[in-house]
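Student: Letter by letter, the sequence shown follows residues 1229 to 1644 of my numbering.
All C-beta atoms, glycine included, are put in the ideal place defined by N, C-alpha and C.
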Amino acid sequence: MRGSGYQMESGDRNFYRYRFVIAGLILAAHFSVGLNFFSVSPVLPLIMEDFGITRTTASLLIALALLVHAVFGLPGGVIAARFGVKRVYFLAWLLVGMSVFSSFVNSFSTLLVLRLAYGIGFGVIIPATAPLLMQWLKPREITVMNGLDIAALTLGVALSVTTVAPIADGIGWKNALSVFGAIALLGALAWAFLGRARPLERQAISVTNITFSDISSVLRNPVILLLAAADALVFMQYTALTGWLPTFYGESRNMSLAQAGFITGLIPLIGVGAVLAGGILPLCISDKRIFFVVPGFLIGIGGLGSFLLESNIGILASVLILGIGSWSYPPTLLSLPMGLKAMTPEKVAVVWGTFVTVSGIGMFVSPIVVGAIRDYWGTFVPGFMIWAIGAWLLFIAGFALPPSVNDYSEVRQSEN
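Structure representation (structure tokens):
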């Protein structure tokens, strides 16, 4: 991969030092995205009371933000490639922090606009991260960094969900949302002063704008299409289960709301450790396809067991297995496209944008399908089964990927 345009020169001392600044800023960006992801969820009853809206209307604060995030994923990768990643990253981070103005909202529609702005920022900032990683970090570091990024986002979600209600009790829900928005806004300002699109010593890197032909070649790449489909189906199952399992356990497994919520909450909680392991283990194992086969198997059996098994022990084991599988493969998923033939940082931004768009739309649709099937047939099982079967595609994809996907790691590790 000597022609891919992001090699390090032996004497780049400043590069080695400043890449830690960039890495820290990227982690902060993902953390702030997580902070504002589900921050409105615990205070929805307060929002409904203040604005006199129904549960269906209030749910738009989450659902539409996710849909906009999905829609802007692919365009976000193209925008970052065409208009410069530093500028686009700043604007995206700024949009993530728009909830800082929640203190001043007087209507539901205004609050919804702020959430839509967040969705746009979220959709753009993820694919815009890809070229930054390729330009600044060693290949061995990129997979680890992908794991850290996802862990930072997950920790942000956990922190906001557990703290926004107590904060709202003290200062009101509007000000509570503004606190999380302010953290993101401060991060955007830090990026404005400290962020760089590429090392100053290497400004010749990747200076050509991406063309529509480049975008077309990315979207027609069979490896990319396979990975995008598999990832989407995994997270369609993930969203459907995490969204409806608490209700299912209460209705069909005689669990209390607290018990059902705790067990379901273990899926993302165990995922923090799984994603960190998923970022480190690929450094020790040369065949990256194993990181789709094993997680795919765990996702398949864990997903089925989570709603087919009746014993509490079986359910607990299933959700833990599901969480490990669902979060251990994304670091490899995000790193692997960087080694495909003729891949550049700009093209990888489009790849990541494709992942965001395809999986995001799927995550928007899957819980709706499960809910509709429950209303029509009176049971969640058929809806769960649809996505549980589809999620096995990741397991199949691990065997279907060509051996050439390992070339990037083998060549680049020998260079470093």
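Tell me which same chain residues have a C-beta within less than 7 Å of the C-beta of Gly1528, skipping the five on either side of it?
Tutor: Residue 1528 sits at position 300 when you count from the first residue of the sequence shown. Contacts found: Ala1619, Trp1620, Phe1623.
Student: Do the region 1503-1510 and the region 1356-1372 touch if we need at least three Cβ pairs shorter than 8 Å?
Tutor: yes
Student: Are the beta-carbon atoms belonging to Gly1590 and Gly1524 less than 7 Å from one another?
Tutor: Walking along the sequence shown from the start, residue 1590 turns up at place 362. Walking along the sequence shown from the start, residue 1524 turns up at place 296. Their beta carbons are not under 7 Å apart, which means Gly1590 does not touch Gly1524 by this criterion.
Student: With Phe1266 as the anchor, note down where its alpha helix (DSSP H) starts and where it stops.
Tutor: Numbered from 1 along the sequence shown, position 38 holds the residue referred to as residue 1266. Note, Phe1266: premise wrong, no alpha helix (DSSP H); not H, not E.
Student: My assumption, with CB atoms under 8 Å, is that Leu1361 sits in contact with Val1268. Please give the rounded CB distance.
Tutor: Within the sequence shown, the letter at position 133 stands for residue 1361. Within the sequence shown, the letter at position 40 stands for residue 1268. Rounded, the Cβ-Cβ distance is 30 Å, inconsistent with contact.
Student: Could you tell me the alpha carbon to alpha carbon distance between Val1435 and Thr1338, rounded to whole angstroms?
Tutor: The residue you call residue 1435 lines up with position 207 of the sequence shown. The residue you call residue 1338 lines up with position 110 of the sequence shown. Annotation note: pLDDT 43 at Val1435 (below 50); position unreliable, no value reported.
Student: In three-state terms, what does DSSP make of Ala1298?
Tutor: As a working mapping, residue 1298 is identified with position 70 in the sequence shown. Here Ala1298 sits in helix by DSSP.
Student: Just checking my contact of Ile1543 with Ile1491 at CB under 8 Å: how many whole Å lie between their CB atoms?
Tutor: The residue given as residue 1543 occupies position 315 in the sequence shown. The residue given as residue 1491 occupies position 263 in the sequence shown. With 8 Å as the limit, Ile1543 and Ile1491 qualify as a contact, their Cβ atoms being about 6 Å apart.
Student: Pull up the distance between the alpha-carbon of Arg1315 and that of Ser1441, whole angstroms please.
Tutor: Start at 1 with the first residue of the sequence shown, and residue 1315 comes out as number 87. Start at 1 with the first residue of the sequence shown, and residue 1441 comes out as number 213. Taking the straight line joining both Cα atoms gives about 24 Å.
Student: For Ser1556 and Gly1506, which I take to be in contact (beta-carbon distance under 8 Å), what is that distance rounded to the nearest angstrom?
Tutor: Walking along the sequence shown from the start, residue 1556 turns up at place 328. Walking along the sequence shown from the start, residue 1506 turns up at place 278. Indeed, because the Cβ distance is near 4 Å, the residues count as touching under 8 Å.
Student: Secondary structure at Arg1245, three-state DSSP: helix, strand or coil?
Tutor: One-based indexing of the sequence shown puts residue 1245 at position 17. Here Arg1245 carries a helix assignment [DSSP, helix/strand/coil].
Student: Hey, does Gly1351 have any beta-carbon neighbour from chain C nearer than 7 Å?
Tutor: Structure shown: chain C not included; a single protein chain is present.
Student: Could you give the distance in angstroms between the alpha-carbon of Ala1570 and the alpha-carbon of Asp1603?
Tutor: Here residue 1570 corresponds to residue number 342 of the sequence shown, with the count starting at 1. Here residue 1603 corresponds to residue number 375 of the sequence shown, with the count starting at 1. C-alpha separation (whole angstroms): 49 Å.
Student: For Arg1343, count the other beta carbons within 10 Å of its own beta carbon; 16 or more makes it buried, fewer makes it exposed. Which is it?
Tutor: Within the sequence shown, residue 1343 is the residue found at index 115, counting from 1. Flag for Arg1343 reads buried.
Student: Identify whether Gln1431 lies in helix, strand or coil by the three-state DSSP scheme.
Tutor: For the purposes of this step, residue 1431 is taken as residue 203 along the sequence shown, with counting starting at 1. Note that Gln1431 scores a pLDDT of 42, beneath 50, so its modelled location is shaky and nothing firm can be said.
Student: Closer than 6 Å by C-beta to Gln1431: which residues in its own chain qualify, once you throw out the five before and the five after it? Chain order, please.
Tutor: By 1-based counting over the sequence shown, the position of residue 1431 is 203. In this prediction, Gln1431 has a pLDDT of 42, which is less than 50 and means its spatial position is unreliable; nothing more can be read from the coordinates.
Student: May I ask you to report which of helix, strand or coil DSSP gives Trp1620?
Tutor: Working through the sequence shown from its first residue, we reach residue 1620 at position 392. Residue state, collapsed to three classes: coil.
Student: With burial defined as no fewer than 16 other Cβ atoms inside 10 Å of the residue's Cβ, what is the status of Thr1572: buried or exposed?
Tutor: Taking the sequence shown and counting its residues from 1, the one referred to as residue 1572 is at position 344. Under this definition Thr1572 is a buried residue.
Student: Does the structure place the region 1324-1331 close enough to the region 1302-1315 that three or more beta carbon pairs sit under 8 Å?
Tutor: no
Student: What are the boundary residues of the alpha helix (DSSP H) that includes Phe1608?
Tutor: Taking the first residue of the sequence shown as 1, we reach residue 1608 at position 380. No alpha helix (DSSP H) holds Phe1608; DSSP gives it neither H nor E.
Student: Taking the Cβ atom as the reference point for each residue, do Asn1264 and Tyr1317 lie within a distance shorter than 7 Å?
Tutor: Residue numbering aside, residue 1264 sits at position 36 when the sequence shown is read from its first letter. Residue numbering aside, residue 1317 sits at position 89 when the sequence shown is read from its first letter. No.
Student: Could you give the first and the last residue of the continuous alpha helix (DSSP H) run that contains Glu1479?
Tutor: For this step, residue 1479 is matched to residue 251 along the sequence shown. It spans 1450-1480 - the alpha helix (DSSP H) in which Glu1479 sits, taken as one unbroken run.
Student: If we count the other Cβ atoms within 10 Å of its Cβ and call it buried at 16 or more, is Asn1334 buried or exposed?
Tutor: The residue given as residue 1334 occupies position 106 in the sequence shown. With fewer than 16 Cβ atoms within 10 Å of its Cβ, Asn1334 is classed as exposed.
Student: Helix or strand or just coil, what does DSSP make of Arg1315?
Tutor: Numbered from 1 along the sequence shown, position 87 holds the residue referred to as residue 1315. Arg1315: helix per DSSP, three-state reduction.
Student: Does the Cβ of Thr1382 have 16 or more other Cβ atoms within 10 Å, making it buried, or fewer, making it exposed?
Tutor: Residue numbering aside, residue 1382 sits at position 154 when the sequence shown is read from its first letter. By the 10 Å Cβ count, Thr1382 comes out buried.
Student: On the DSSP letters alone, give me the boundaries of the alpha helix (DSSP H) that Asn1540 sits inside.
Tutor: Translated into the one-based positions of the sequence shown, residue 1540 becomes position 312. Counting along the chain, the alpha helix (DSSP H) containing Asn1540 begins and ends at 1540-1556.
Student: Is the distance from the Cβ of Gly1581 to the Cβ of Pro1355 below 7 Å?
Tutor: Locating residue 1581 in the sequence shown gives position 353, counting from the first residue. Locating residue 1355 in the sequence shown gives position 127, counting from the first residue. If you check the CB distance, Gly1581 and Pro1355 come in under 7 Å.
Student: Using DSSP with H/G/I as helix, E/B as strand and the rest coil, what is Thr1282?
Tutor: Position 54 of the sequence shown holds residue 1282. Here Thr1282 sits in coil by DSSP.
Student: Determine the closest residue to Ser1287 out of Trp1419, Thr1607, Phe1336, with distance taken between C-alpha atoms.
Tutor: Walking along the sequence shown from the start, residue 1287 turns up at place 59. The shortest C-alpha separation from Ser1287 is found at Phe1336.
Student: If distances are taken between C-alpha atoms only, which option among Leu1417, Thr1470, Arg1481 comes closest to Ile1541?
Tutor: As a working mapping, residue 1541 is identified with position 313 in the sequence shown. It is Arg1481 whose Cα lies nearest to the Cα of Ile1541.
Student: Give every residue of the same chain whose Cβ lies closer than 7 Å to the Cβ of Val1249, excluding the five residues on either side of it in the sequence, and list them in chain order.
Tutor: Position 21 of the sequence shown, counted from the start, is the residue given in the question as residue 1249. Taken in chain order, the residues that qualify are Leu1422.
Student: Please state whether the Cβ-Cβ distance between Ile1649 and Ile1495 is less than 7 Å.
Tutor: Given that the chain is displayed from residue 1229 to residue 1644, the structure contains no residue 1649 and the question cannot be resolved.
Student: With H, G and I counted as helix, E and B as strand and the rest as coil, what does DSSP make of Val1333?
Tutor: Stepping through the sequence shown from its first residue, residue 1333 is reached at position 105. Here Val1333 sits in coil by DSSP.
Student: Excluding the 5 residues flanking Arg1230 on each side, which residues of the same chain have their C-beta closer than 7 Å to its C-beta?
Tutor: For the purposes of this step, residue 1230 is taken as the residue at position 2 of the sequence shown. Low local confidence applies: a pLDDT of 37 at Arg1230 is under 50, so the model's placement there is unreliable, and no value is given.
Student: Output yes or no for whether 7 Å exceeds the beta carbon distance between Thr1585 and Ala1298.
Tutor: Stepping through the sequence shown from its first residue, residue 1585 is reached at position 357. Stepping through the sequence shown from its first residue, residue 1298 is reached at position 70. Result yes, Cβ atoms of Thr1585 and Ala1298 sit closer than 7 Å.
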